[in-house]
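Numbering (this note's numbering), first residue to last: 1126 to 1189.
Note that CB positions come from ideal geometry on N, CA and C, so glycine has one too.
No experiment lies behind these values; they were computed from the predicted model shown.
This report concerns only the one structure given below.
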Amino acid sequence: MRFLFDVRVLSRGSASGIEEYTRNILTNILQINKQHNISLFYNGLRKQKLNYPGVQIIDHLIPN
């Protein structure tokens, strides 16, 4: 099965509740899931780079 997660909230680089919750959920999903294809999508002109080894990251330079 293939999953695509919209992780634009993580590209801001801040550490509010939403970002922390999203980061924790994603980390746990990646730890327990070894059989599915997971991709992360984010976009924006000014953003923090995401680093999740073994996961396809779809990075677009278009404004939100």
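{"Query": "Which same chain residues, not among the five before or five after residue 1131, have their C-beta less than 7 Å away from its C-beta?", "Result": "1166"}
{"Query": "DSSP three-state call for residue 1181: helix, strand or coil?", "Result": "strand"}
{"Query": "Return the first residue and the last residue of the alpha helix (DSSP H) that residue 1153 is part of.", "Result": "1142 to 1157"}
{"Query": "In whole angstroms, what is the alpha-carbon distance linking residue 1185 and residue 1169?", "Result": "7 Å"}
{"Query": "Please state if the CB of residue 1181 and the CB of residue 1138 are separated by a distance shorter than 8 Å.", "Result": "no"}
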